[in-house]
Amino acid sequence: MRLVVRAAEVLAAERLIPITRAHVDSCLYHGEATVDFVERLISGAAHVAVPTTLNVGALDLLHPELWHGDARAAERGGLLMHHYRALGCEPTFTCAPYQLAAARPSFGEQVAWAESNAIVFCNSVLGARTERYGDFTDIACAITGRVPDAGLHRDAARRARLVLRIGSDVPAALLDDDALYPVLGIVLGRRAGSRVAAIDGLPAGLSEERLKAIGAAAASSGAVAMFHAVGSTPEAPTLAEALQWSEPDAVEVVGLAELRAARDELTTVGGGAPPGTPIGTVSLGTPHASLAELRAVERELAGATPAPGVELLVSTARSILADAEQEGVAQRLRALGVELLVDTCSYIAPVLRPSPLPAMTDSGKWAFYAPGNIGVEVVFGSLRECIRSAVEGRVWRDAGIWSDA
Amino acid sequence: MRARVLADGAAEGRALVLDEPLSFWGGVDPASGEIVDTRHPQRGASVAGRVLVMAAVRGSSSSSSVLAEAIRAGNAPAAILLGEADLILAVGAAVAEELYGRRVPVLQLTLDDLATIPDGAAVAVEEGGVVTLL
Chain H
12 MRLVVRAAEV LAAERLIPIT RAHVDSCLYH GEATVDFVER LISGAAHVAV PTTLNVGALD
72 LLHPELWHGD ARAAERGGLL MHHYRALGCE PTFTCAPYQL AAARPSFGEQ VAWAESNAIV
132 FCNSVLGART ERYGDFTDIA CAITGRVPDA GLHRDAARRA RLVLRIGSDV PAALLDDDAL
192 YPVLGIVLGR RAGSRVAAID GLPAGLSEER LKAIGAAAAS SGAVAMFHAV GSTPEAPTLA
252 EALQWSEPDA VEVVGLAELR AARDELTTVG GGAPPGTPIG TVSLGTPHAS LAELRAVERE
312 LAGATPAPGV ELLVSTARSI LADAEQEGVA QRLRALGVEL LVDTCSYIAP VLRPSPLPAM
372 TDSGKWAFYA PGNIGVEVVF GSLRECIRSA VEGRVWRDAG IWSDA
Chain V
6 MRARVLADGA AEGRALVLDE PLSFWGGVDP ASGEIVDTRH PQRGASVAGR VLVMAAVRGS
66 SSSSSVLAEA IRAGNAPAAI LLGEADLILA VGAAVAEELY GRRVPVLQLT LDDLATIPDG
126 AAVAVEEGGV VTLL
């Protein structure tokens, strides 16, 4: 409770309000401080007061053979995951709890969620309400069942302050391609910082996968906890509603040149990794792949297998994997040589086979963090580009989508 | 200068004024204090023992843990001066104080006040949020 009160002071809240559920990110090992903290909670016989899902941990508990790191790190990471189960949290171990039917809050529900991409999705796409909670605060809110009555829990903070208008030079074909959305998220995070922005000019009714890609990237390049996509997200059927009928602080245009530059910056390989650049790895599923995204990987592969020596890995939730096994798509992907990772992510755990060659990804978030976390050079591309590149063993580019209309 | 206290404490150190926001998770190695974000202009610099000056925050909700671990390991900044209130860093400091009795003040200043602190300047933070250029 002391931590929740501290949070209320930082957020300048006058009171606490009850929550219906929580999503806890503290189960990922970041050193002994993370173990010391949860052991303090356990010694006080703490238990969660609301249904609580867990974010990714340090290792894939179902497929331990994928771990290439040292044994002690695996032991401490696994211990931390175990400790959070002992507090009554559900062993979901996913960064995309919004893809689990049982964990999905409904519109207007007050919750305490951590994990930057999940926070954005919760506020923006589900219209449920959470502040930007981090490690320690998340479990403190879950144990007390309370959050400060502040920030995005209240109507006023959910109003768009910034309008980002898609430029007229952005071609319709690009607006209809998955490749745009993580790149747009990177731009959103840079422009918005921690402000709520409304993006105007996107096709209406965007898929959850595209909205997820925007949010995950925006929460990497900025401190975005909520955005509106006019015509797609529930608090923005119109721009006026996203603005809560007020004037925005600023209206800015995002043009094709800025999007191309942001796309290029996601690639760290010198020279921008032109077609033909050899790659060693393709990592998909950041945030964790939905069942629809697993099906899309199978569709793009169209029966082909990764080139010899190229690792093609998709991260997902253990419960999505169970659904995919039920459906058969998981078995078919494995038969083609695709590795399926659960409970963790390939940029936080030593699971990718060591390779001197760059890694390719369709995730803005993975491209953003993997170089610093696991020391790889990154090539960013669309799902189609990633899959075809995995099959050819070298970068393949879909030249058309980013060109002028 | 008077700051809003997000986590209290006293400290002294040389300012490290960041040119861009930094996420502690994915951005700082708690085992060394080094900035490891490959896209950050100050990559390779160490935050350990410095008065970290950051106008805006960004990034991961795991930064609370990374800050607490850096404090435990003795590689944290001496103090963190922010241009906006950040719960994630404030809680990382609060937990480290509770577990290890080590205080790293986290303070919020106005952007105008932050801008008066030159990189490398000696800065003192007193309990209660008084910030002085030495």
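Protein chains in written order, with this note's numbering: chain H, 12 to 416; chain V, 6 to 139. Built from N, CA and C at the ideal position, the CB exists for glycine as well. Computed from a predicted structure; not experimentally measured.
**Q.** Cutoff 7 angstroms: P62 (chain H) Cβ touching any chain V Cβ
**A.** As a working note, residue 62 (chain H) is residue 51 in the first sequence. Closer than 7 angstroms: no.
Q.
Just checking E258 (chain H) against the ligand SAM - is the residue's beta carbon closer than 6 angstroms to any of the ligand's heavy atoms?
A. No copy of the ligand SAM appears in this structure; indeed no ligand is present at all.
Q. Cβ atoms of L222 (chain H) and A203 (chain H): under 7 angstroms apart, would you say?
A. Position 192 of the first sequence, counting from 1, holds the residue named residue 203 (chain H). Position 211 of the first sequence, counting from 1, holds the residue named residue 222 (chain H). Cβ atoms of A203 (chain H) and L222 (chain H): not closer than 7 angstroms.
Q: Indicate the three-state DSSP secondary structure (helix, strand or coil) for G375 (chain H) in the structure shown.
A: Along the first sequence, one-based indexing puts residue 375 (chain H) at 364. Three-state result, G375 (chain H): helix.
Q. Mapping DSSP to helix, strand and coil, what is V198 (chain H)?
A. Indexing the first sequence from 1 puts residue 198 (chain H) at position 187. Looking at V198 (chain H) - three-state DSSP - the assignment turns out to be helix.
**Q.** Neighbour flag for S243 (chain H) against chain V, beta carbons, 7 angstroms
**A.** The residue you call residue 243 (chain H) lines up with position 232 of the first sequence. S243 (chain H) does not count as touching chain V.
Q. Taking the beta strand (DSSP E) that S357 (chain H) falls in, what are its first and last residues?
A. If you number the first sequence from 1, residue 357 (chain H) lands on position 346. No beta strand (DSSP E) contains S357 (chain H), which DSSP labels as neither H nor E.
Q: Return the chain-ordered list of same chain residues with a C-beta closer than 8 angstroms to the C-beta of H79 (chain H), the five sequence neighbours on each side being excluded.
A: Taking the first sequence and counting its residues from 1, one reaches residue 79 (chain H) at position 68. P361, V362, L363, R364 and P365, listed in sequence order.
(Q) Going by beta-carbon coordinates alone, are A50 (chain V) and I40 (chain V) separated by less than 7 angstroms? (A) Residue mapping note: residue 50 (chain V) aligns to position 45 of the second sequence, counting from 1. Residue mapping note: residue 40 (chain V) aligns to position 35 of the second sequence, counting from 1. Yes.
Q. Under 7 angstroms between the Cβ atoms of R395 (chain H) and E311 (chain H)?
A. Counted from its first residue, the first sequence places residue 395 (chain H) at position 384. Counted from its first residue, the first sequence places residue 311 (chain H) at position 300. The answer is yes: Cβ separation under 7 angstroms.
Q: For chain V, find out if any of its Cβ atoms is closer than 7 angstroms to the Cβ of G145 (chain H); answer yes or no.
A: Residue 145 (chain H) sits at position 134 when you count from the first residue of the first sequence. G145 (chain H) counts as touching chain V.
Q: Tell me, to the nearest whole angstrom, how far the beta carbon of G31 (chain V) is from that of G383 (chain H); I am working on the premise that it is less than 8 angstroms.
A: Indexing the second sequence from 1 puts residue 31 (chain V) at position 26. Indexing the first sequence from 1 puts residue 383 (chain H) at position 372. The Cβ separation is near 5 angstroms, so the contact holds.
Q.
According to DSSP, simplified to helix, strand and coil, what is F118 (chain H)?
A. Mapped onto the first sequence, residue 118 (chain H) falls at position 107. Three-state DSSP puts F118 (chain H) in coil, outside helix and strand.
Q. Quick one: Cα of L302 (chain H) to Cα of D47 (chain H), how far?
A. Translated into positions along the first sequence, residue 302 (chain H) becomes position 291. Translated into positions along the first sequence, residue 47 (chain H) becomes position 36. Spanning the two alpha carbons is a distance of roughly 36 angstroms.
**Q.** C-beta contact flag for H41 (chain H) and E74 (chain V) at 7 angstroms
**A.** Counting from 1 along the first sequence, the entry for residue 41 (chain H) is found at position 30. Counting from 1 along the second sequence, the entry for residue 74 (chain V) is found at position 69. In contact: H41 (chain H) and E74 (chain V) (Cβ atoms closer than 7 angstroms).
Q) Rounded to a whole number of angstroms, what is the C-alpha to C-alpha distance between R107 (chain V) and I76 (chain V)? A) Numbered from 1 along the second sequence, position 102 holds the residue referred to as residue 107 (chain V). Numbered from 1 along the second sequence, position 71 holds the residue referred to as residue 76 (chain V). When rounded, the distance between both Cα atoms is 7 angstroms.
Q. Which ranges would you report for the beta strand (DSSP E) in the segment 161-197 of chain H if only whole runs of at least 3 residues count?
A. 173-177
Q) By the 10 Å Cβ neighbour count, where 16 or more other Cβ atoms means buried, how is L199 (chain H) classified, buried or exposed? A) Position 188 of the first sequence, counted from the first residue, corresponds to residue 199 (chain H). Classification for L199 (chain H): buried.
Q. So, using beta-carbon positions, are S127 (chain H) and S65 (chain V) closer together than 7 angstroms?
A. Position 116 of the first sequence, counting from 1, holds the residue named residue 127 (chain H). Position 60 of the second sequence, counting from 1, holds the residue named residue 65 (chain V). Their beta carbons are under 7 angstroms apart, which means S127 (chain H) touches S65 (chain V) by this criterion.
**Q.** Contact list for S74 (chain V) against chain H, beta-carbon separation under 8 angstroms
**A.** Taking the first residue of the second sequence as position 1, residue 74 (chain V) is located at position 69. In the sequence under discussion, the amino acid at residue 74 (chain V) is Glu, which differs from the Ser named in the question. Going along chain H in sequence order, the residues near E74 (chain V) (Cβ under 8 angstroms) are H41, G42, E43, A44 and T45.
Q: Determine contact between the segment 95-112 of chain H and the segment 319-336 of chain H, defined as no fewer than three beta-carbon pairs at a distance below 8 angstroms.
A: yes
(Q) I'd like to know whether the C-beta of D117 (chain V) is nearer than 7 angstroms to at least one C-beta of chain H. (A) Numbered from 1 along the second sequence, position 112 holds the residue referred to as residue 117 (chain V). No, D117 (chain V) does not count as interfacial toward chain H.
**Q.** Entirely enclosed beta strand (DSSP E) segments - the segment 25-91 of chain H, minimum 3 residues
**A.** 27-29, 33-35 and 63-65
Q) Taking 7 angstroms as the CB-CB limit, is V130 (chain V) close to chain H? A) Position 125 of the second sequence, counted from the start, is the residue given in the question as residue 130 (chain V). For V130 (chain V), the answer is no, since every Cβ of chain H falls outside 7 angstroms of its Cβ.
Q. Under 7 angstroms between C-beta atoms, does P35 (chain V) make it to chain H?
A. Taking the second sequence and counting its residues from 1, the one referred to as residue 35 (chain V) is at position 30. So yes, P35 (chain V) belongs to the interface.
Q. Does the beta carbon of G31 (chain V) come closer than 7 angstroms to any beta carbon on chain H?
A. Numbered from its first residue, the second sequence carries residue 31 (chain V) at position 26. Closer than 7 angstroms: yes.
Q.
How far does the alpha helix (DSSP H) with A346 (chain H) in it extend, from its first residue to its last?
A. Counting from one through the first sequence, the residue named residue 346 (chain H) turns up at place 335. Per DSSP, A346 (chain H) belongs to the alpha helix (DSSP H) from V340 to A346.
Q: Below 7 angstroms CB to CB, which residues in the same chain sit around T278 (chain H) once its five sequence neighbours on both sides are set aside?
A: Numbered from its first residue, the first sequence carries residue 278 (chain H) at position 267. The answer, listed in chain order, is A284, V389, V390 and F391.
Q) Going by DSSP, what residues sit across from P289 (chain H) in a beta bridge? A) Position 278 of the first sequence holds residue 289 (chain H). Bridge partners of P289 (chain H): H:R405.
Q: Output yes if chain V places a C-beta closer than 7 angstroms to the C-beta of E17 (chain H); else output no.
A: Within the first sequence, the letter at position 6 stands for residue 17 (chain H). Position check: residue 17 (chain H) holds Arg in this sequence, whereas Glu was assumed. Taking Cβ atoms only, chain V reaches closer than 7 angstroms to R17 (chain H), which makes this a yes.
Q. Could you give the residue range of the beta strand (DSSP E) that holds F238 (chain H)?
A. For this step, residue 238 (chain H) is matched to residue 227 along the first sequence. F238 to A240 is the span of the beta strand (DSSP E), which, as asked, contains F238 (chain H).
Q: Measure from the C-beta of D52 (chain V) to each C-beta in chain H and report whether the shortest distance is under 7 angstroms.
A: Residue mapping note: residue 52 (chain V) aligns to position 47 of the second sequence, counting from 1. The identity of residue 52 (chain V) in the sequence shown is Val, whereas the question assumes Asp. Not closer than 7 angstroms to any Cβ of chain H, the Cβ of V52 (chain V) fails to qualify, so no.
Q) On the three-state DSSP scale, how would you describe A81 (chain V)? A) Within the second sequence, residue 81 (chain V) is the residue found at index 76, counting from 1. Of the three classes helix, strand and coil, the one that applies to A81 (chain V) here is coil, per DSSP.
(Q) Only counting the same chain, and skipping five residues up and downstream in sequence, which positions put a Cβ closer than 8 angstroms to that of T148 (chain H)? (A) Position 137 of the first sequence, counted from the first residue, corresponds to residue 148 (chain H). Closer than 8 angstroms at Cβ, skipping near neighbours: L14, V15, A18, A123 and A125.
Q. Using a Cβ cut-off of 8 angstroms, which residues of the segment 355-382 of chain H contact any Cβ in chain V, in chain order?
A. F379, Y380 and P382
Q) Can you tell which of H:L73, H:I177 and H:V21 has its C-alpha closest to the C-alpha of L92 (chain V)? A) Counted from its first residue, the second sequence places residue 92 (chain V) at position 87. L92 (chain V) has its Cα closest to that of H:V21, out of H:L73, H:I177 and H:V21.
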